[in-house]
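A short write-up of the structure that comes next.
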Amino acid sequence: MNAPHPVPDATRLATATAAEIAAAVTAGSVTARAVTEATLARIAAVDGAVNAFTDVTAERARARADAIDAARAAGSALGPLAGVPFAVKNLFDIAGLATRAGSKINRALLPSARDAMLVEKLEAAGAILVGGLNMGEYAYDFTGENLHDGASCNPHDLTRMSGGSSGGSGAAVAAGLVPIALGSDTNGSIRVPSSLCGTFGLKPTYGRLGRGGSFPFVTALDHLGPLARSVADLALSYDAMQGADDRDGGQTPRPFEPVAGLIGDGIAGLRIAVAGGWFRAKAMPEAFAAVDKVAAALATDVTVDVPDAARARASAYIITAAEGASLHARRLADRPEDFDPAVRDRLLAGLAIPASWVDAAQRFRRHFQAEMAKLFEQHDVLLAPATPCRAPKLGQRSFVLDGEEMLVRPNLGLFTQPISFIGLPVAAVPVRVDVGDAPELPIAVQVIAPPWREDLALRVAAELERRGVASAPVAVL
Amino acid sequence: MARETPLPKIEDAALAQLLDGALAAHAVTARPEWRAEALSYLRSIADAATLVRSLDLGDAEDPAPVFHP
């Protein structure tokens, strides 16, 4: 093994942001190999408690790091993510591994012949894949619990949920194991773990980033995106991942629209409003306090009603259940015992949904999209809670919201589902408020923008970070 | 023009028939406890569908599937 040098700097950089790591590697103050070794060492030391990783691709990462160091030594230009470690939810294809998608069944698949599109894009920008991450089975989850691999634990309190279904992604970033992780978000699976684990997260516009080489859940609603501990890292990785994907038939052709150079533009002139109605009803006080804190920092006192959000959520629920069941129908017939029961029984219900219900939901989707477009004629950005509460305890089945006892598993996403239903871009920003139980834990706010305006959501997120209202410190473990 | 047209709650017996028919059609053998859980989920889905379908969008609104020719 090459001697990592200088070791103290690499060890510090193992928990640094992607931007810091790339700058240090590019400047030659540390080698990519040293950062990689420090990252692998931290994963080995910490992940036993967090359970974020299901696969560590150590040898691949070392080879990649050596190639980057060799390129620098030869005077070649390095990419914007040179030497930055990252990991991906295990529904992303990793060449040489079976794409388990959180399941037992998929472990019998042949190893992937090729990486997922977004893995290829990040590595083309100089980033270094260090492994695959834990997730809820087949992404039908908001908790981060997994019957087969065990729960990924919340690094801020190991007795609590990481959130799902990209629970390992949230946990890995919050624990300082990697600065960037990729997740998927069908109904909230990037934003919920971001909220519970206290990371920044970006769910781009539906159809923006290529989904080629990722295991689907509900193709009508599936999005992919990054989680990170800074807005700049979200922007860097998002820019690196843009581009046409000939393996994704649902992608919308878009020009390259980089945001990294825009996030420092501030919020002057932006019309920002708080989402009311549905988004101010069923939640713990800390969820509303977080939104109010963000709104106050942005000097907005405007609240707007989002029309028919309950119906939007109901429609997303129907489409998810029907399409998810259809995807897994053959597996349900052949290997029903090998599913997590909490997933299987919902999929069985989904098999029985009449086509007319799905069609009604898809027709309402078009209607809701038009109604929200009218709202965005008056406002540039909307603010809403990401989750109705901070991280629940592992195994917790219910909570009380607005006096009503409700199941945790489906209802952690009650504020995220209406938004992803029509594919709007959202930045999740983690804040801390001294309200409610466990005030030391984070909770996130959704910064919601019109379609294709990721730049607006990230500008607001960056301003909140700059003012110290939002932050994602590495958890103390 | 969208118009609210309240719909009756779908009866439990109808949902049970729907589920049993679907499981048979998909050649899925479900244990009784799986079926009971699935039926409770189908109740929630049916209530969601009633809410969605109670907004009459007329005949003009296109559905929004994922397809790009």
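As they're listed, the protein sequences go chains A and B. For reference, each letter of the first sequence is one residue, going 3 to 479 in our numbering. For reference, each letter of the second sequence is one residue, going 41 to 109 in our numbering. Note that CB positions come from ideal geometry on N, CA and C, so glycine has one too. Quick caveat, the model's predicted, so the values are computed rather than measured.
Thinking just about the alpha-carbon of each residue, which of Ala446(A), Asp11(A), Ala118(A) is nearest to the one in Ser186(A)?
To locate residue 186(A), count along the first sequence from 1; it is residue 184. Of the listed residues, the one whose Cα sits closest to Ser186(A) is Ala118(A).
Using a Cβ-Cβ cut-off of 6 Å (strictly less than) and excluding sequence neighbours within five positions of Thr254(A), which residues of its own chain qualify?
Your numbering for residue 254(A) matches position 252 in the first sequence. Contacts found: Gly209.
Measure how close the beta-carbons of Glu147(A) and Gly138(A) come, nearest whole angstrom, since I'm counting them as under 8 Å.
Mapped onto the first sequence, residue 147(A) falls at position 145. Mapped onto the first sequence, residue 138(A) falls at position 136. Confirmed, about 7 Å.
Closest to Gly227(A) by C-alpha separation, out of Ser171(A), Ala270(A), Ala324(A), Glu406(A), would be which residue?
Here residue 227(A) corresponds to residue number 225 of the first sequence, with the count starting at 1. Of the listed residues, the one whose Cα sits closest to Gly227(A) is Ser171(A).
Quick one, which residues of the region 331-356 of chain A are near chain B if we go by CB-CB under 8 Å, in chain order?
Residues passing the 8 Å Cβ filter: Ala331, Leu334, Ala335, Pro338, Pro343, Arg346, Asp347, Arg348, Leu350, Ala351, Gly352, Leu353, Ala354, Ile355, Pro356.
Threshold first: 4 residues or longer. Then list the alpha helix (DSSP H) segments lying entirely within the region 397-451 of chain A, N to C.
Segments of the alpha helix (DSSP H) lying fully in the region 397-451 of chain A: 410-413, 419-422.
Give me, in chain order, the residues of the same chain whose beta-carbon lies closer than 7 Å to that of Arg367(A); leave out the 5 immediate sequence neighbours on both sides.
Walking along the first sequence from the start, residue 367(A) turns up at place 365. The answer, listed in chain order, is Ser317, Phe423, Ile424.
The region 274-303 of chain A: which residues have C-beta closer than 7 Å to a C-beta of chain B, in chain order?
Those residues of the region 274-303 of chain A that come within reach of chain B (Cβ to Cβ, closer than 7 Å) do not exist; the list is empty.
Give the secondary structure of Ser216(A) by DSSP, where H, G and I count as helix, E and B as strand, and everything else as coil.
For this step, residue 216(A) is matched to residue 214 along the first sequence. Note: Ser216(A) maps to strand in three-state DSSP.
From Gly214(A), Ala67(A), Pro441(A), pick the residue whose C-alpha is nearest to that of Glu122(A); which is it?
If you number the first sequence from 1, residue 122(A) lands on position 120. That would be Gly214(A), whose Cα lies nearest to the Cα of Glu122(A).
Strictly under 9 Å for the Cβ-Cβ distance: is Ala62(B) near chain A by that measure?
Along the second sequence, one-based indexing puts residue 62(B) at 22. Yes - at least one Cβ of chain A is within 9 Å of the one on Ala62(B).
Are the beta-carbon atoms of Ala477(A) and Pro195(A) separated by less than 9 Å?
Residue numbering aside, residue 477(A) sits at position 475 when the first sequence is read from its first letter. Residue numbering aside, residue 195(A) sits at position 193 when the first sequence is read from its first letter. Going by C-beta atoms, Ala477(A) is not nearer than 9 Å to Pro195(A).
Does the beta-carbon distance from Ala324(A) to Cys391(A) come in below 9 Å?
Along the first sequence, read from residue 1 onward, the residue named residue 324(A) stands at position 322. Along the first sequence, read from residue 1 onward, the residue named residue 391(A) stands at position 389. Their beta carbons are not under 9 Å apart, which means Ala324(A) does not touch Cys391(A) by this criterion.
If we cut at 9 Å on Cβ distances, does Glu77(B) have a partner in chain A?
To locate residue 77(B), count along the second sequence from 1; it is residue 37. Chain A, which has a Cβ nearer than 9 Å to the Cβ of Glu77(B), makes this yes.
Measure from the C-beta of Gln364(A) to each C-beta in chain B and report whether the shortest distance is under 9 Å.
Counted from its first residue, the first sequence places residue 364(A) at position 362. So, interface residue.
Between the alpha carbons of Thr221(A) and Leu409(A), how many angstroms are there, rounded?
Numbered from 1 along the first sequence, position 219 holds the residue referred to as residue 221(A). Numbered from 1 along the first sequence, position 407 holds the residue referred to as residue 409(A). Spanning the two alpha carbons is a distance of roughly 26 Å.
Using only alpha-carbon positions, find the residue among Ala103(A), Ala97(A), Ser105(A) that is nearest to Ser114(A).
In the first sequence, residue 114(A) corresponds to position 112, counting from 1. Checking every option, the nearest Cα to that of Ser114(A) belongs to Ala97(A).
Tell me, please, whether the CB atom of Ala53(B) is closer than 9 Å to any CB atom in chain C?
Checking the listed chains, one finds no chain C in this structure; the protein chains it contains are A and B.
Among the candidates Ala141(A), Arg434(A), Gly252(A), whose CA atom is the shortest distance from the CA of Ala289(A)?
Indexing the first sequence from 1 puts residue 289(A) at position 287. For Ala289(A), the nearest C-alpha among the options comes from Arg434(A).
Spatial neighbours of Asp11(A) within its chain, please: CB distance less than 8 Å, with the 5 preceding and 5 following residues excluded, ordered by chain position.
Counted from its first residue, the first sequence places residue 11(A) at position 9. Contacts found: Ala26, Ser31, Val32, Ala36.
What three-state label does DSSP hand Ala110(A) in the structure shown?
As a first step, residue 110(A) must be located in the first sequence, where it is residue number 108. Helix.
Taking Leu97(B) as the query, report the chain A residues whose CB atoms sit under 9 Å from its CB, ordered along the chain.
The residue given as residue 97(B) occupies position 57 in the second sequence. Chain A residues near Leu97(B): Ala362, Arg365, Phe366, Arg368, His369.
When the Cα atoms are used, what is the spatial distance from Ala5(A) to Glu125(A)?
In the first sequence, counting from the first residue as 1, residue 5(A) sits at position 3. In the first sequence, counting from the first residue as 1, residue 125(A) sits at position 123. Confidence at Ala5(A) is low in this model, with a pLDDT of 47, below 50, so its placement is unreliable and the value that follows should be read with caution. In a straight line, the C-alpha of Ala5(A) is about 23 Å away from that of Glu125(A).
Would you say Val447(A) and Met374(A) are within 9 Å of each other, going by their C-beta atoms?
The residue labelled residue 447(A) in the question sits at position 445 within the first sequence. The residue labelled residue 374(A) in the question sits at position 372 within the first sequence. Not closer than 9 Å, so no.
Any idea what DSSP makes of Ile50(B), helix, strand or coil?
Position 10 of the second sequence, counted from the start, is the residue given in the question as residue 50(B). In the structure shown, Ile50(B) sits in coil (DSSP, three-state: anything other than H, G, I, E or B).
Would Thr161(A) and Lys395(A) be called neighbours here (beta carbons separated by less than 9 Å)?
Along the first sequence, one-based indexing puts residue 161(A) at 159. Along the first sequence, one-based indexing puts residue 395(A) at 393. Yes, the Cβ-Cβ distance between Thr161(A) and Lys395(A) is below 9 Å.
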